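Take the sequence shown: its position 607, counted from the start at 1, is 792 in my numbering, and no numbers get skipped. Backbone N, C-alpha and C fix where the C-beta goes; we use that ideal spot for every residue, glycine too. As the structure is a computational prediction, the values presented were derived from the model and not from experiment. Since the structure comes first, as structure tokens, the remarks are kept for the end.
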Amino acid sequence: MQAWIIDASEMDAEDILNFRSNLLHPNPEIRSFLRAENKATTIVIAPKGFGKTLLLKAKRLSIQDKYAHILPSGALVEKPSGLPSVIPTSDYGDLRDSEGYWRSVWLLSFTIAVLKATHWQPGRSSRALAAVVQDDNLVSVWEIFDHILSAPVNTYHQLNNDYNDALLPAFRRLHESTAIFVDNIDEYYEGILREMNAGRERPVGGRVKRSFWHLAQYGIAAAARELSHINTHVKIYVSIRKEVLQGIIGDTYFGQQLRSKSLIVSYTDSDLLEIVHKNIAHSDAEDLADPRSNDAVTAFFGPLKRVTHPTTGDEEEVLGFWLRHTLGRPRDVVSIGKAIASMPPAHRSERRVREAVRAEAKTIATAYFAEMAPHLDGFDADMLLRLIDRNVLAPDDLKRISEAYAAVWMETFSEVAPHTHHPFCALFKLGLLGYVGRDAESGEDMQIFRLPGEHPLDNVQVLPPARVYLVHPALDDLVAERNPQYFENLNDRNVIGRGRRWLRERVIHYVLKGDVRGHSETMRDGLRTKAFAAVFDSIVSAFGARLAHAERSQGDSLLLIDANPIKLLQAARNIQRDLGRSEFGSQLRLAGDAGFVEIAVGPRQAEPYGIALQNAARLEPHVEPVGIYVTEEFVRHVSEDRGNHLPFDFVRLGPEDLRNLPWQDGLFDISKAGGEPAILTAIYRVNFH
Numbered sequence: 186m187q188a189w190i191i192d193a194s195e196m197d198a199e200d201i202l203n204f205r206s207n208l209l210h211p212n213p214e215i216r217s218f219l220r221a222e223n224k225a226t227t228i229v230i231a232p233k234g235f236g237k238t239l240l241l242k243a244k245r246l247s248i249q250d251k252y253a254h255i256l257p258s259g260a261l262v263e264k265p266s267g268l269p270s271v272i273p274t275s276d277y278g279d280l281r282d283s284e285g286y287w288r289s290v291w292l293l294s295f296t297i298a299v300l301k302a303t304h305w306q307p308g309r310s311s312r313a314l315a316a317v318v319q320d321d322n323l324v325s326v327w328e329i330f331d332h333i334l335s336a337p338v339n340t341y342h343q344l345n346n347d348y349n350d351a352l353l354p355a356f357r358r359l360h361e362s363t364a365i366f367v368d369n370i371d372e373y374y375e376g377i378l379r380e381m382n383a384g385r386e387r388p389v390g391g392r393v394k395r396s397f398w399h400l401a402q403y404g405i406a407a408a409a410r411e412l413s414h415i416n417t418h419v420k421i422y423v424s425i426r427k428e429v430l431q432g433i434i435g436d437t438y439f440g441q442q443l444r445s446k447s448l449i450v451s452y453t454d455s456d457l458l459e460i461v462h463k464n465i466a467h468s469d470a471e472d473l474a475d476p477r478s479n480d481a482v483t484a485f486f487g488p489l490k491r492v493t494h495p496t497t498g499d500e501e502e503v504l505g506f507w508l509r510h511t512l513g514r515p516r517d518v519v520s521i522g523k524a525i526a527s528m529p530p531a532h533r534s535e536r537r538v539r540e541a542v543r544a545e546a547k548t549i550a551t552a553y554f555a556e557m558a559p560h561l562d563g564f565d566a567d568m569l570l571r572l573i574d575r576n577v578l579a580p581d582d583l584k585r586i587s588e589a590y591a592a593v594w595m596e597t598f599s600e601v602a603p604h605t606h607h608p609f610c611a612l613f614k615l616g617l618l619g620y621v622g623r624d625a626e627s628g629e630d631m632q633i634f635r636l637p638g639e640h641p642l643d644n645v646q647v648l649p650p651a652r653v654y655l656v657h658p659a660l661d662d663l664v665a666e667r668n669p670q671y672f673e674n675l676n677d678r679n680v681i682g683r684g685r686r687w688l689r690e691r692v693i694h695y696v697l698k699g700d701v702r703g704h705s706e707t708m709r710d711g712l713r714t715k716a717f718a719a720v721f722d723s724i725v726s727a728f729g730a731r732l733a734h735a736e737r738s739q740g741d742s743l744l745l746i747d748a749n750p751i752k753l754l755q756a757a758r759n760i761q762r763d764l765g766r767s768e769f770g771s772q773l774r775l776a777g778d779a780g781f782v783e784i785a786v787g788p789r790q791a792e793p794y795g796i797a798l799q800n801a802a803r804l805e806p807h808v809e810p811v812g813i814y815v816t817e818e819f820v821r822h823v824s825e826d827r828g829n830h831l832p833f834d835f836v837r838l839g840p841e842d843l844r845n846l847p848w849q850d851g852l853f854d855i856s857k858a859g860g861e862p863a864i865l866t867a868i869y870r871v872n873f874h
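See below:
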């Protein structure tokens with residue numbers, strides 16, 4: 186079985202059986218649904234990209250030997266083709282705005298289709314029903330459904346009377362087991378909705394409302410459930426979108442009844458990782474970096490285990506990076522897997538894998554916007570993304586960008602649509618805008634992104650109040666293409682991703698204090714002193730520009746301060762390296778501490794102060810040339826802040842490493858000699874990987 190299959194909609198029976206055996210990940214809910222003896226669950230509910238069609242097909246194959254009749258006969262599931270016929274408006278009034286109307290149309294469509302399959306002929310009935318039964322072009326549920334929708338209102342009423350007088354009694358008398366599979370009702374009206382959005386007006390020749398998309402799916406779920414209760418010999422399997430379930434959940438009775446008959450498809454991160462592992466296991470050997478390895482990550486990526494975030498410096502597992510750039514849908518996971526699998530295994534370096542994942546994420550987001558466009562009247566993704574200039578947004582940023590968006594929209598279209606003033610509500614409903622909220626269990630701040638399908642699409646003002654909003658990483662490259670400032674303003678504190686801990690704005694700063702060994706020799710030559718200062722300043726400016734504070738003073742002294750320890754230490758290492766490679770070959774040593782540091786703006790420059798500066802200054806004279814030593818406080822805060830996956834190691838030093846420092850109870854005393862109170866701390870050397 187070929188791995189990394191993105192679209193299972195065109196699979197035949199043999200393909201579906203192979204896929205189910207090898208690549209499908211049946212979590213407990215899916216496994217229960219697919220059991221042949223499970224006759225209670227007949228409705229599959231999921232957003233786009235979760236495999237509704239695949240599951241309906243797999244269910245049919247699991248029961249096909251247990252039913253006398255299964256519809257349709259020429260395909261695994263019945264799907265609509267083309268656009269809906271013109272819907273007449275004469276005399277219907279507001280009838281089509283009711284859920285009851287759509288339920289009755291589906292009841293008619295199902296009962297007529299099932300009875301026609303048994304060659305039933307109506308007795309006393311209306312001409313309208315006789316015409317439908319005798320028309321050989323009206324066989325499938327979809328054909329009958331479309332015919333009834335496009336009929337005059339008097340024909341509809343005639344058929345509705347026939348349902349009670351002729352269809353329902355005949356349906357009750359059916360004793361042969363029958364199953365029918367109907368899919369893709371969600372796509373039936375999306376073509377027309379897309380035309381309505383593009384033209385900014387309703388299509389000519391019929392009255393189609395945006396609510397029909399919801400009502401048609403509500404109706405099919407209600408009818409399928411009702412008919413399954415009326416005749417237990419008949420099972421009607423259908424799929425609907427999860428957004429519709431969210432819209433009707435307020436109807437407690439029907440909502441609960443619908444849930445009891447439904448498989449609501451969902452996948453945890455563990456499920457998605459299992460999908461990755463299964464596809465790797467079924468990949469051809471030539472598509473693997475290490476085919477002999479039993480570890481999926483090693484088999485697929487070779488030695489690559491982790492990737493480094495270019496802005497924050499954080500490391501994350503490569504599969505975590507992969508999942509973070511998806512919307513939590515199996516389709517996205519497999520799509521990225523296919524993109525990586527297309528790379529020659531020898532080329533799967535950290536940089537190229539990162540580029541491949543981001544490129545495919547951009548493709549996924551672009552396609553997702555196109556898929557959801559019919560439901561987001563007044564939302565233009567390209568128009569909004571051009572205005573976003575950072576990935577972490579404050580409420581004032583949302584207000585500023587929304588106002589600019591509304592102005593551009595009105596200039597372009599000259600009319601207000603539902604999302605004209607609420608573009609970020611649209612982004613939030615799609616799961617592409619998150620926010621920072623408090624986790625009820627841990628009490629920590631967490632990054633919250635809704636999964637696709639968790640909000641009704643016809644609700645507009647759904648954005649929750651928050652102090653921080655987050656742009657989904659799948660949008661990073663799409664936004665940056667349109668607004669180059671975006672990558673310049675990425676948050677350097679947090680890696681953005683659903684379910685990740687949110688690190689608040691820092692109150693702790695990290696300090697590195699250093700000096701150049703042997704600088705007194707250079708100072709004896711005034712010209713060399715001036716030249717050295719120019720070189721030193723240039724290097725510090727190059728690598729310290731993005732730090733909170735970077736200052737050279739007293740000729741050879743350096744002070745670096747930042748709230749991001751990874752960024753700080755990487756800048757320090759680069760400064761050490763370039764200073765050593767300069768014509769002066771200078772050796773810069775640095776000592777670090779962490780704590781509460783204030784950077785006040787003085788008359789000439791920023792003036793930092795705090796106990797961490799004092800402790801770093803006390804430790805600095807004891808650092809080996811071109812070394813970086815830090816205190817226990819520095820290491821503790823890094824561990825709490827960033828965890829254990831770092832681009833460097835902290836190596837604890839002992840008394841034999843620092844013979845000139847007093848040693849007391851397993852700690853060094855770095856206090857200044859001459860009566861200053863003891864400053865006891867462990868000391869660590871920073872070793873870069």
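Helix, strand or coil: how does DSSP classify residue i here?
i, result
"Tyr590", "helix"
"Phe873", "strand"
"Met631", "strand"
"Tyr671", "helix"
"Arg395", "coil"
"Arg387", "At Arg387 the pLDDT is 43, less than 50, meaning the model places this residue with poor confidence; the figure from the coordinates comes in the next sentence. Of the three classes helix, strand and coil, the one that applies to Arg387 here is coil, per DSSP."
"Asp364", "In the sequence under discussion, the amino acid at residue 364 is Ala, which differs from the Asp named in the question. Looking at Ala364 - three-state DSSP - the assignment turns out to be strand."
"Asp475", "coil"
"His254", "strand"
"Gly308", "coil"
"Gln343", "helix"
"Gly498", "coil"
"Lys446", "coil"
"Ile796", "helix"
"Phe833", "strand"
"Ser726", "helix"
"Thr866", "strand"
"Glu736", "strand"
"Ile230", "strand"
"Ile525", "helix"
"Ser217", "helix"
"Lys490", "coil"
"Leu578", "strand"
"Asp700", "strand"
"Gly426", "Correcting the residue type first, residue 426 is Arg in the shown sequence and not Gly. Arg426: strand per DSSP, three-state reduction."
"Val680", "coil"
Starting from residue i, follow its DSSP beta bridges and name the residues at the other end.
i, result
"Asp567", "Answer is none; Asp567 lacks a bridge partner."
"Tyr695", "Asp747, Ala779"
"Tyr286", "The partner list for Tyr286 (beta bridge, DSSP) is empty, contrary to what the question assumes."
"Arg686", "Met631"
"Ile813", "Leu775"
"Gln849", "Leu852"
"Ile784", "Pro793"
"Arg623", "Asp630"
"Glu263", "Val367"
"Lys857", "Lys857 is not bridged to any residue."
"Tyr654", "Leu578, Tyr620"
"Ser742", "Asp700, Ser738"
Throw me the rounded Cβ distance for the residue i and residue j pair, which I believe falls under 8 Å.
i, j, result
"Leu430", "Pro515", "That belief does not hold up - the Cβ atoms of Leu430 and Pro515 are roughly 19 Å apart, past 8 Å."
"Thr303", "Lys446", "In fact, because the Cβ distance is near 24 Å, the residues do not count as touching under 8 Å."
"Leu697", "Leu753", "6 Å"
"Glu428", "His604", "No, Glu428 and His604 are not in contact; Cβ-Cβ is about 15 Å, not under 8 Å."
Could you tell me whether the Cβ of residue i comes closer than 8 Å to any Cβ of chain D?
i, result
"Val450", "You won't find chain D in this structure, because it holds only one protein chain."
(message) Under 8 Å: do the region 617-631 and the region 468-482 share three or more Cβ pairs, one atom per stretch?
(response) Verdict: no, contact absent.
(message) Is it the case that the region 284-295 contacts the region 406-416, given that we only count it when at least three CB pairs across the two stretches are under 8 Å?
(response) In this structure the region 406-416 lies against the region 284-295, because at least three pairs of beta carbons, one per stretch, are closer than 8 Å.
(message) Does the structure place the region 543-553 close enough to the region 576-593 that three or more beta carbon pairs sit under 8 Å?
(response) A contact between stretches requires three or more CB pairs, one per stretch, nearer than 8 Å, and the region 576-593 fails this requirement with the region 543-553.
(request) Could you tell me whether the region 648-656 touches the region 712-725, where touching means 3 or more Cβ pairs closer than 8 Å? (result) In short, these stretches do not touch, since the Cβ pair count stays below three.
(message) Is it the case that the region 219-236 contacts the region 455-470, given that we only count it when at least three CB pairs across the two stretches are under 8 Å?
(response) For the pair of segments examined, the region 455-470 was found not to touch the region 219-236: the number of CB pairs separated by less than 8 Å stays below three.
(message) Count Cβ pairs between the region 580-589 and the region 680-689 that sit closer than 8 Å; are there 3 or more?
(response) Verdict: no, contact absent.
(message) Under 8 Å, with one C-beta from each stretch per pair, do the region 522-540 and the region 557-575 reach the 3-pair mark?
(response) Taking a cut-off of 8 Å on C-beta distances, the region 522-540 does not touch the region 557-575, as fewer than three cross pairs fall below it.
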